[in-house]
Amino acid sequence: MDYIHDLHSFLPGIIVAAAGLLVIMLEAFKKGVHLSYGATVAGLGIAFIFSIQAMFGDTGTAFSGMIVHGGTGAFGMMIVLLGALFCVFISKDYLQDAGLHNGEVYGMLLFATTGMLGLAVSNDLISFFVSLETMSICLYVLAGLIKTEKIGAEAALKYFLLGAFSTGFLLYGIALIYGATGQTNLTEVAAAAEPTLLFFAGSALLLVGIFFKIAAVPFHMWTPDVYQGTPTTLTAFMATAAKSATFVAFILILTRMLPDTEAGDWTNVIQVVAVLTMIIGNLIALAQDNVKRMLAYSSIAHAGYLMVGLAAGTAAGYSGVLYYLFAYTLMNVGAFGVIAYYERNHGLDFTEIDSYAGLGFKMPIMGVMLSVFLFSLAGIPPLVGFVGKYYVFAAAVQAGLIPLAIIGVLASAASVYYYLRVMVYLYFREAHKEYTLKTPGLLFKSTLILLAVLTIYYGIEPVLPTTGLIELITSYYAV
Numbered sequence: 369m370d371y372i373h374d375l376h377s378f379l380p381g382i383i384v385a386a387a388g389l390l391v392i393m394l395e396a397f398k399k400g401v402h403l404s405y406g407a408t409v410a411g412l413g414i415a416f417i418f419s420i421q422a423m424f425g426d427t428g429t430a431f432s433g434m435i436v437h438g439g440t441g442a443f444g445m446m447i448v449l450l451g452a453l454f455c456v457f458i459s460k461d462y463l464q465d466a467g468l469h470n471g472e473v474y475g476m477l478l479f480a481t482t483g484m485l486g487l488a489v490s491n492d493l494i495s496f497f498v499s500l501e502t503m504s505i506c507l508y509v510l511a512g513l514i515k516t517e518k519i520g521a522e523a524a525l526k527y528f529l530l531g532a533f534s535t536g537f538l539l540y541g542i543a544l545i546y547g548a549t550g551q552t553n554l555t556e557v558a559a560a561a562e563p564t565l566l567f568f569a570g571s572a573l574l575l576v577g578i579f580f581k582i583a584a585v586p587f588h589m590w591t592p593d594v595y596q597g598t599p600t601t602l603t604a605f606m607a608t609a610a611k612s613a614t615f616v617a618f619i620l621i622l623t624r625m626l627p628d629t630e631a632g633d634w635t636n637v638i639q640v641v642a643v644l645t646m647i648i649g650n651l652i653a654l655a656q657d658n659v660k661r662m663l664a665y666s667s668i669a670h671a672g673y674l675m676v677g678l679a680a681g682t683a684a685g686y687s688g689v690l691y692y693l694f695a696y697t698l699m700n701v702g703a704f705g706v707i708a709y710y711e712r713n714h715g716l717d718f719t720e721i722d723s724y725a726g727l728g729f730k731m732p733i734m735g736v737m738l739s740v741f742l743f744s745l746a747g748i749p750p751l752v753g754f755v756g757k758y759y760v761f762a763a764a765v766q767a768g769l770i771p772l773a774i775i776g777v778l779a780s781a782a783s784v785y786y787y788l789r790v791m792v793y794l795y796f797r798e799a800h801k802e803y804t805l806k807t808p809g810l811l812f813k814s815t816l817i818l819l820a821v822l823t824i825y826y827g828i829e830p831v832l833p834t835t836g837l838i839e840l841i842t843s844y845y846a847v
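Residues in the sequence shown are numbered consecutively from 369, following the numbering used here.
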């Protein structure tokens with residue numbers, strides 16, 4: 369009955385994949401996009417429930433050790449499905465207004481989510497590669513949805529070419545690791561690894577591929593153009609769910625294949641990349657006048673903050689990274705959602721910061737929610753972004769990486785300028801012309817309100833007299 373155990377271990381991924389096949393069939397038989405949308409929400413919702421259940425279940429491996437279940441992997445699946453659900457909720461109205469609302473979009477989104485779920489539980493370099501490519505190919509398609517605009521074609525082409533280039537590094541790295549150890553299972557690779565040039569070269573190339581997917585400097589070049597040219601709600605999907613899945617896979621590789629041993633201590637490399645990513649991401653974001661490009665460089669900086677926790681290499685560091693991914697999903701989907709609302713009113717070019725002048729009073733609830741999300745991204749208490757940064761920086765201090773933590777805090781402080789700059793335009797600049805804003809749909813508005821409430825709640829949740837989320841995550845690494 370092992371196959372039943374295997375299927376149950378990856379049940380959220382199987383449900384999402386089945387939902388994707390159903391959506392494609394519905395579209396093929398012209399059953400209507402609203403039915404496809406309903407199937408998408410149902411599939412993601414059911415999978416989300418099973419992922420929460422898996423967080424409290426047993427831990428172990430399945431499919432002959434190809435994947436893990438429970439613990440870190442289950443939490444990673446929960447974050448991916450949470451981000452995908454919220455992005456689907458805010459996508460319907462936006463895609464309808466943009467003329468992009470069709471079943472193929474939801475099919476690609478579901479298949480991309482399936483790849484992300486596989487990525488979050490990969491315990492083998494083969495399953496890691498297959499999941500990563502499943503995710504990436506679908507994202508290449510989603511990046512090029514705006515076919516009538518040059519920025520859409522540019523986004524898809526740049527993402528595809530650089531993505532294919534990084535895949536070459538990744539696959540060559542996997543081949544070298546296999547050549548050095550004769551294994552592809554993460555734990556078996558760690559057991560067979562020796563400090564040889566072949567193993568170091570393979571590990572380095574593998575990390576290059578991962579750094580590209582998380583948009584770490586100097587492998588970040590694709591991010592601003594792809595984020596700008598992709599439909600905004602789908603940009604949120606790329607920036608949260610895809611990044612979360614890759615970081616969870618990164619944690620599994622660091623803890624299972626590259627532990628702190630003579631053959632695999634990559635802490636110094638991660639520290640250097642983290643510093644470059646935090647500094648360069650924030651510096652370039654300071655000069656951006658396009659809000660989507662600003663959030664793109666902001667996401668690069670946040671990848672740097674996350675790598676601070678990875679560099680710590682401790683249970684507290686990995687727990688902090690998982691919590692930060694949860695926090696980042698809430699506040700980033702919310703921020704992109706409000707931007708998508710403004711775009712719905714004035715077209716795809718409505719992302720220059722000058723366009724936001726005076727809009728804070730036109731639709732007060734949207735202005736307030738955008739402010740909440742931007743304050744949280746800046747790490748201002750008592751919002752969830754502050755708590756996430758506190759956990760990763762505190763882990764670095766506990767691990768003795770005090771200079772790295774100081775650089776992270778200073779970089780985060782610098783980010784306050786470009787986040788608050790948006791709010792200055794919203795509330796303290798006169799509008800250049802009169803705008804008439806649409807009333808947002810009930811589901812769209814309710815989703816953003818829920819995200820804002822969760823952003824505030826999880827900012828104060830650590831001080832409440834209850835067992836918090838971070839305690840649950842920390843239990844995954846308890847000895």
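Where is the CB? At the ideal position from N, CA and C, for every residue including glycine.
Taking its Cβ as the centre, do 16 or more other Cβ atoms sit within 10 Å of residue i, making it buried, or is it exposed?
i, result
"I582", "buried"
"F615", "buried"
"H373", "exposed"
"L810", "exposed"
"T608", "buried"
"V785", "In the sequence under discussion, the amino acid at residue 785 is Tyr, which differs from the Val named in the question. Exposed is the call here."
"I447", "buried"
"K460", "buried"
"G597", "buried"
"A387", "buried"
"V821", "exposed"
"A655", "exposed"
"L651", "exposed"
What is the C-beta distance between residue i and residue j, in whole angstroms, given that I count them as a contact (C-beta under 8 Å)?
i, j, result
"F754", "I748", "6 Å"
"L738", "A708", "Not really, about 11 Å apart at Cβ, beyond 8 Å."
"G471", "E522", "At roughly 26 Å, the Cβ-Cβ gap does not stay under 8 Å, so G471 and E522 are not in contact."
"Y691", "G756", "6 Å"
"A779", "A653", "Wrong, their Cβ atoms sit about 10 Å apart, outside the cutoff."
"Y527", "P592", "Actually they do not touch by this definition, with Cβ atoms about 11 Å apart."
"A679", "T623", "Wrong, their Cβ atoms sit about 13 Å apart, outside the cutoff."
How is residue i classed by DSSP in three states: helix, strand or coil?
i, result
"E517", "coil"
"I668", "helix"
"S490", "strand"
"T429", "strand"
"Q464", "helix"
"E501", "helix"
"E630", "The predicted position of E630 is uncertain, since its pLDDT is 46 and thus under 50; no value can be drawn from it."
"V585", "coil"
"N553", "strand"
"E720", "strand"
"N470", "coil"
"A748", "The displayed chain sequence assigns Ile, not Ala, to residue 748. Three-state DSSP puts I748 in coil, outside helix and strand."
"H373", "helix"
"F378", "coil"
"H402", "helix"
Quick check: the Cα distance between residue i and residue j, rounded to an integer number of angstroms?
i, j, result
"S419", "L468", "30 Å"
"A543", "L693", "30 Å"
"I383", "G411", "6 Å"
"L485", "F796", "43 Å"
"A773", "G685", "12 Å"
"M625", "F537", "18 Å"
"S534", "F580", "7 Å"
"K310", "D465", "One cannot answer for residue 310 here, as it falls past the ends of the chain, which runs 369 to 847."
"K515", "G688", "40 Å"
"G531", "L832", "43 Å"
"L310", "G768", "Outside the shown range of the chain (369 to 847) lies residue 310, about which nothing can therefore be said."
"L682", "T600", "One point to set straight first is that residue 682 is Thr, not Leu, in the sequence displayed. Straight-line Cα distance between these residues: approximately 36 Å."
"L463", "G827", "31 Å"
"Y844", "G428", "12 Å"
"A631", "Q766", "Reliability fails at A631, whose pLDDT of 42 lies under 50, so the model's placement of it is uncertain and the value that follows must be treated cautiously. Distance between the alpha carbons of A631 and Q766 is about 24 Å."
"S612", "G444", "7 Å"
"M734", "F457", "16 Å"
"T324", "G547", "Outside the displayed range of the chain (369 to 847) lies residue 324, so it cannot be described from this structure."
"A559", "G400", "53 Å"
"L574", "H376", "30 Å"
"A764", "M646", "15 Å"
"Y701", "L602", "One point to set straight first is that residue 701 is Val, not Tyr, in the sequence displayed. Taking the straight line joining both Cα atoms gives about 10 Å."
"Y758", "E711", "33 Å"
Does residue i get closer than 7 Å to chain C when you measure Cβ to Cβ?
i, result
"S739", "The structure shown contains no chain C, having only a single protein chain."
Taking only heavy atoms of the ligand GDP into account, decide whether any of them is closer than 6 Å to the Cβ of residue i.
i, result
"V616", "The ligand GDP is absent from the structure shown, which contains no ligand whatsoever."
Query - Contact between the segment 479 to 486 and the segment 499 to 507 (3+ Cβ pairs under 8 Å) - result: Between the segment 479 to 486 and the segment 499 to 507 there are three or more inter-stretch CB-CB distances shorter than 8 Å, so the stretches are counted as touching.
Requested in this report: Determine, using beta-carbon pairs with one atom in the segment 661 to 680 and one in the segment 565 to 572, whether at least three such pairs fall under 8 Å.
Outcome: no
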